[in-house]
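K.L.:
In the numbering used here, the protein residues as written are 4 to 857.
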């Protein structure tokens, strides 16, 4: 791996980003004279950086990235650069206008470069400005008080969660009036921050923006590696301000089942319904843009998508796919490769920029002819160019071309597009340079979905792959990124396709993959109930796609019992992370193909999982029925722990059903039996659950609704704490909050609800956090802030719908927070509720804490 550069400062620094406005236009106007202009611009910047103590980190084309240890020196450098550029005698049509962005933050080093949100923030600040302008963050303004600044207000920047307060550094002697900043106007979105500039696609971007303005469905087509996703993200970010309901990316890459397309869209936009009519109803309110990425693998879902559009008037879709959808109203935009030849070559520009990233000493002018021949041989396909450019640290462009070769390693398949053949050639060239062990490691990694941990890859490969991985990451064939519990490794999509076509991902590897994740699921069952729950939720979240792939393999191979075991072991993962809809889908599929319905313990485990699903949806009849079937199986097998756990879940369901007038058994007798069995087993967690259940049923069976006494609930909290069950602690704290609200003790209820929110967050329990938000909405309204309360109510309502569940049934009738707010402020409450429903979950949690000064 690269060694950290010793000259890069750490700690608090000021990040400097600059680039030339309309560089493509300059290139077209100046042709061969562009090189001299660009070099003069670079000389000016480097001279000022050296004089003012700036450290050049990297360059890319016409852009510079530098850092300063002094904010004042950074501000001075920015002003002097603009002044020197303005004084320079540029050729006709070649005036260089540079935009500069400054932000002071924390400098974290990752290998030989900076990483972290502050670097991204500085880059986004720079990209918001105009040629000749210096835009800075509030931190820079505060640390350089001697300079004159103009307040530009708060701006939402692409890929950043919070709005940024920006200022203009007024350069003495130069114009101080510029067009509005290129920001996102605070529209809701989930568009990712883009790490590099889009090169060579200015005309396509402008055309696509016009198409999106004039049509409801625009599909960008082209072969893999052509740059469809990158261009679509750029367009979505630029048109975001035109959609009052925002723009949202729906990544379909992990999905190969057309039935999951609408549920994935529903999850992204926060709809509680994934059917055609229900989703259309959700999407018909206000202008919204959905970017559906990688649609080719679920193309048979196109008619369903068309039906949704018919019922959702203002909705617009921007889709990337290797093939058109072929539905009414679709406008197809074919994305061609970058132009490779001629005086102005975007393909050469891209290669040079990426080559300079791989080797800062790379001299594009010295290799101009070879670079042009190379990008022509690659047919201008962006990914092929980037793969080739990554090798300039070990090969010259001429050597790279020799290994790719005109016609060498191209597929002879008549049905393969020409440009696909060039992309395959680029990957094949990289592949043939690998050792046999490295090729085997690629084959093992190709069976994973969403990446792999080192432990998982080692298990599937059957040996230690660490050295191979290091080499493959350096060759850009494998991507390495931080997971929640360690490094993860994944293949670039074209490499994945290439390895799969070679047959390296054979069935033996897939069998090992499935066996590994079955073991992971079994190992997770007990920890998900205890004090290592958060760690296991993180492990399962990282491997969510691999778990799905394993379940899918078991389903195809009729491994019903193994599928039941997996779902029975990890159902709490689906519940806690808000994936009840997905749990329902998998359970439905396995039960649907289980024609024999043999009364096995594996089936009982899956029945318990489905009963829990029904419990959290308040569907008591179905819940009780599944618990009864599971109980019959467990009793026949004499599995006493399973019997006790079933009884502890069955009793509350019977009690809650009884409260609705549904007689499905005696909850008290059931709970007494559970208590006796847990006592015999000496199970503290089970006994805590029984005690909590008894309190609930006592309240439900009382002649008049009455809150549970606090001393009783405090005792249950202590029991759960002793058992190490944070989720149980959170649930009991939320029950205490309900009791306090019922007694109009709103201040105390708010404190307990905040504690429950913190507990649930530590437990990784998204569902309970949502429940806490609802109670905080009630207390916020009652303590004098109905607007904030209605916002929280809307956020909580949207969040619980995304989980696929419902709020637990109160033991005592409690007026919902939105109704309380409506009484206080009328229609304003409805507006606030609607606004809250558009909030992200993290934003809602922050609002809840800020409302009480935390």
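All residues carry an ideal CB built from backbone N, CA and C; glycine is no exception.
1. Only counting the same chain, and skipping five residues up and downstream in sequence, which positions put a Cβ closer than 8 Å to that of residue 208?
2. Using the C-alpha atoms, what's the distance from residue 491 back to residue 461?
3. Hey, how far is the Cα of residue 298 from the Cα of residue 547?
4. Please give the ranges of any alpha helix (DSSP H) in the stretch 540-615, keeping only runs that are unbroken, at least 4 residues long and fully inside the region.
5. Applying the 10 Å Cβ sphere with the 16-neighbour rule, what's the burial state of residue 216?
6. Please state whether the Cβ-Cβ distance between residue 820 and residue 845 is less than 8 Å.
7. Quick check on residue 1: buried or exposed, where buried means 16 or more other Cβ atoms within 10 Å of its Cβ?
8. Where do the ends of the alpha helix (DSSP H) carrying residue 714 lie?
9. Thinking C-alpha only, which one of 264, 581, 483 and 321 is nearest residue 292?
10. Is residue 176 helix, strand or coil by DSSP?
11. Look at the alpha carbon of residue 61 and the alpha carbon of residue 11, and state the distance between them as a whole number of angstroms.
12. In its own chain, which residues sit with a C-beta less than 6 Å from the C-beta of residue 533, not counting the 5 before and 5 after it?
13. With residue 163 and residue 124 assumed to form a contact (beta carbons below 8 Å), what rounded beta-carbon distance in angstroms separates them?
14. Please report the distance separating the alpha-carbon of residue 160 from that of residue 141.
15. Buried or exposed, going by whether 16 or more other CB atoms sit within 10 Å of the CB of residue 456?
16. Just reading off the alpha helix (DSSP H) that residue 323 is part of, what are its end residues?
17. Closest to residue 94 by C-alpha separation, out of 44, 631 and 386, would be which residue?
18. Quick check: the Cα distance between residue 834 and residue 828, rounded to an integer number of angstroms?
19. Taking the alpha-carbon positions, what's the residue 631 to residue 318 distance?
20. Let's test the definition: count the other Cβ atoms within 10 Å of the Cβ of residue 644 and tell me whether it reaches 16, buried, or not, exposed.
21. Should residue 3 go down as buried or exposed, given a rule of 16 or more other Cβ atoms within 10 Å for buried?
22. What does residue 273 pair with, by DSSP beta-bridge criteria?
23. Could you tell me whether the stretch 44-58 touches the stretch 78-98, using the rule of 3 or more Cβ pairs below 8 Å?
24. Could you say which of 301, 259, 848 and 706 lies nearest to residue 552 if we only look at CA atoms?
25. Following the continuous beta strand (DSSP E) through residue 482, name the residue where it begins and the one where it ends.
26. When you compare each of 269, 813 and 102 to residue 662 by their alpha carbons, which one comes out closest?
27. Any idea what DSSP makes of residue 69, helix, strand or coil?
28. Within 10 angstroms of the Cβ of residue 351, are there 16 or more other Cβ atoms? Answer buried if so, exposed if not.
29. According to the neighbour-count rule (16 or more other Cβ atoms, all chains shown, within 10 Å of its Cβ), is residue 584 buried or exposed?
30. Grab me the residues of residue 134's own chain with a C-beta within less than 7 Å of its C-beta, minus the 5 sequence neighbours each way, in chain order.
31. Put residue 171 into one of helix, strand or coil per three-state DSSP.
32. Looking at the secondary structure, which residues open and close the alpha helix (DSSP H) in which residue 234 lies?
33. Could you name the residues of the same chain whose beta carbon sits closer than 6 Å to that of residue 660, not counting the 5 residues immediately before and after it, in chain order?
34. Alpha carbon to alpha carbon, how far is residue 805 from residue 270? Give it in angstroms, no decimals.
35. Less than 7 Å between C-beta atoms, sequence neighbours within five positions excluded: which residues of the same chain meet that for residue 789?
36. Around the Cβ of residue 337, are there at least 16 other Cβ atoms within 10 angstroms (buried) or fewer (exposed)?
P.N.:
The structure says:
1. Excluding residues up to 5 positions away in sequence, 201, 234, 237, 238 and 241 lie with their Cβ nearer than 8 Å to the Cβ of residue 208 in the same chain.
2. C-alpha separation (whole angstroms): 12 Å.
3. Cα to Cα, the separation comes out at about 20 Å.
4. Within the stretch 540-615, the complete alpha helix (DSSP H) runs of at least 4 residues are 547-559, 563-579 and 583-596.
5. Flag for residue 216 reads exposed.
6. Between residue 820 and residue 845, the C-beta gap is not smaller than 8 Å, which leaves the two residues out of contact.
7. Nothing about residue 1 can be read from this structure; the chain reaches only from 4 to 857.
8. Annotation: the continuous alpha helix (DSSP H) that includes residue 714 extends over 713-726.
9. Among 264, 581, 483 and 321, the Cα nearest to that of residue 292 is on 321.
10. DSSP places residue 176 in coil when its eight states are reduced to three.
11. Distance between the alpha carbons of residue 61 and residue 11: 11 Å.
12. The residues are 727.
13. At roughly 6 Å, the Cβ-Cβ gap stays under 8 Å, so residue 163 and residue 124 are in contact.
14. So the alpha carbons of these two residues sit roughly 14 Å apart.
15. So residue 456 ends up on the buried side.
16. Residue range 318-324 is occupied by the beta strand (DSSP E) that includes residue 323, with no alpha helix (DSSP H) assigned at that position.
17. Considering only 44, 631 and 386, the residue with the shortest C-alpha distance to residue 94 is 44.
18. Looking at the two C-alpha atoms, the distance is approximately 10 Å.
19. If I take the Cα positions, the gap works out to 46 Å.
20. Exposed.
21. Nothing about residue 3 can be read from this structure; the chain reaches only from 4 to 857.
22. Residue pairing of residue 273 in beta bridges, as defined by DSSP: absent, with no partner found.
23. Using a Cβ-Cβ distance cut-off of 8 Å, the stretch 44-58 and the stretch 78-98 are in contact, since at least three pairs of beta carbons, one from each stretch, lie closer than that value.
24. Ranked by how close their Cα comes to the Cα of residue 552, the residues 301, 259, 848 and 706 have 259 in first place.
25. Per DSSP, residue 482 is one residue of the beta strand (DSSP E) stretching across 481-486.
26. Looking at the Cα atoms, 813 is the closest of the given residues.
27. Here residue 69 sits in strand by DSSP.
28. Counting Cβ neighbours within 10 Å, residue 351 comes out buried, since at least 16 surround it.
29. It counts as buried.
30. Same-chain partners within the cutoff: 24, 100, 101 and 102.
31. DSSP places residue 171 in strand when its eight states are reduced to three.
32. Per DSSP, residue 234 is one residue of the alpha helix (DSSP H) stretching across 231-242.
33. Excluding residues within five positions, the ones whose Cβ falls inside 6 Å are 623 and 667.
34. The C-alpha of residue 805 is placed about 6 Å away from the C-alpha of residue 270.
35. Result list for residue 789: 824, 827, 828 and 832, in chain order.
36. By the neighbour-count criterion, in which a residue is buried when 16 or more other Cβ atoms sit within 10 angstroms of its Cβ, residue 337 is exposed.
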